[in-house]
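Structure record follows, encoded as structure tokens.
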Ligand SMILES: NC(=O)c1ccc[n+]([C@@H]2O[C@H](COP(=O)([O-])OP(=O)(O)OC[C@H]3O[C@@H](n4cnc5c(N)ncnc54)[C@H](OP(=O)(O)O)[C@@H]3O)[C@@H](O)[C@H]2O)c1
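In the working numbering, the protein residues as written are 5 to 296.
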């Protein structure tokens, strides 16, 4: 793949958070970095290209532009993503589609467009930013988790198919990272005028915990440093998990504890109520106004 300073890197979603920190670090380390945003914005450190991963033409145009200018893309980092949060029962199908359109189909689109370029050049590296939520189904983030599980399965299969062409696939599964991801999250009941839901109290409690965990999470630069290390590594693993030790331990517990025991840890952390005959919320619909 040539020496590092000549490597061309495309990072989707580089306007903030993990994508921006990674683009900045790689460009400081001599890589030729192209970052993307849906907005027409500039960066002092790397070139920004407009791309909306939900729009096929936009994905195509952005990648064509880079390939025309550089003649190649050595490294693709699929980072663009959003979180949809809400009770599964209450989530509109359009909201589910939107979640998958960005977090999963978006990854498929960039891979399909960049792979022929990498194959022709004799190899490349694709790093897909999944999440620990892609290994653990999180309450009230069911579709976010599902979209990241999809990225996991897709990446495992893709790796097996493209290794014959010298293309390596890596998954990065960050734990809680303090970024604008939290404020950008689509919280379904916040976006509706008035609805009825039996999940209100538990949803409200859990989302507060989720937000607090993220806001006190590690800085995006930790993930950026891990990505730089992965790119430079001669003996790459398939999966990396930058995050606090306590979060990585949950993942280990999932593998080794009986499922019921492990899920009790999640239930207790996220304060999800267990079934109780006294718990009217489990049986009756409660209504609420806009703010949750
Ligand atoms: N923060 C965490 O705790 C955490 C944990 C695990 C995994 N992750 C994953 O890490 C990735 C980056 O998240 P982050 O924490 O850095 O959040 P962030 O600061 O909100 O960044 C998200 C990026 O995605 C871009 N984006 C959103 N919708 C897009 C679309 N339709 N087309 C193209 N780009 C789009 C945004 O760009 P524009 O809005 O400028 O277009 C932005 O640059 C995501 O895949 C997320 O799921 C985050």
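C-beta atoms are modelled at their ideal positions from N, C-alpha and C, and glycine is treated no differently.
Checklist entry - Counting pairs of beta carbons, one from the stretch 214-225 and one from the stretch 173-182, are three or more of them closer than 8 Å? => result yes
Item to check | residue 52 - DSSP class collapsed to helix/strand/coil | outcome: strand
Item to check | Simplified DSSP state of residue 118, which is helix, strand or coil | outcome: helix
Checklist entry - Around the C-beta of residue 237, are 16 or more other C-beta atoms found within 10 angstroms, so that it is buried, or is it exposed? => result exposed
Checklist entry - When you compare each of 229, 125, 89, 75 to residue 215 by their alpha carbons, which one comes out closest? => result 89
Item to check | Stretch pair the stretch 195-206 + the stretch 104-118: three plus CB contacts closer than 8 Å | outcome: no
Item to check | Contacting residues, own chain, Cβ-Cβ under 7 Å from residue 144 (five flanking each side not counted) | outcome: 89, 90, 91, 207, 210, 211
Next on the checklist: Do residue 192 and residue 96 have their beta-carbon atoms positioned less than 9 Å apart in this structure?
Outcome noted: yes
Item to check | Cβ contact check for the stretch 45-58 and the stretch 244-261: 3 or more pairs under 8 Å | outcome: no
Item to check | First and last residue of the uninterrupted beta strand (DSSP E) at residue 15 | outcome: 12-15
Checklist entry - What is the DSSP secondary structure of residue 45, reduced to helix, strand or coil? => result coil
Checklist entry - Can you tell me whether DSSP reads residue 264 as helix, strand or coil? => result helix
Checklist entry - Comparing the CB of residue 98 with every heavy atom of ligand 1, is any distance shorter than 8 Å? => result no
Next on the checklist: In whole angstroms, give me the CA-to-CA distance for residue 159 and residue 86.
Outcome noted: 19 Å
Item to check | Bridge partner(s) assigned by DSSP for residue 182 | outcome: 223
Next on the checklist: If you follow the beta strand (DSSP E) that residue 171 is in, where does it begin and where does it stop?
Outcome noted: 171-176
Checklist entry - CA-CA distance, residue 10 and residue 77? => result 10 Å
Checklist entry - Shorter than 9 Å from the beta carbon of residue 98 to some beta carbon of chain D? => result Within the model displayed, chain D is absent; a lone protein chain is all it includes.
Checklist entry - Is the Cβ-Cβ distance between residue 257 and residue 266 less than 9 Å? => result yes
Next on the checklist: Helix, strand or coil, according to DSSP, for residue 253 in the structure here?
Outcome noted: helix
Next on the checklist: Closest to residue 270 by C-alpha separation, out of 137, 172, 227, would be which residue?
Outcome noted: 137
Checklist entry - Do you know how far the Cα of residue 153 is from the Cα of residue 121? => result 27 Å
Checklist entry - How would you label residue 246, buried or exposed, when you count the other beta carbons within 10 angstroms and need 16 or more for buried? => result buried
Item to check | Environment of residue 16 [buried if 16+ CB atoms lie within 10 Å] | outcome: buried
Next on the checklist: Nearest by alpha-carbon distance to residue 116: which of 73, 164, 67 is it?
Outcome noted: 67
Item to check | residue 73 versus residue 239: straight-line alpha-carbon distance, rounded | outcome: 31 Å
Next on the checklist: Checking the sheet assignment: what are the DSSP bridge partners for residue 37?
Outcome noted: 13
Item to check | Neighbourhood of residue 163 by C-beta, 8 Å cutoff - its chain only, sequence neighbours within 5 removed | outcome: 172, 173, 242
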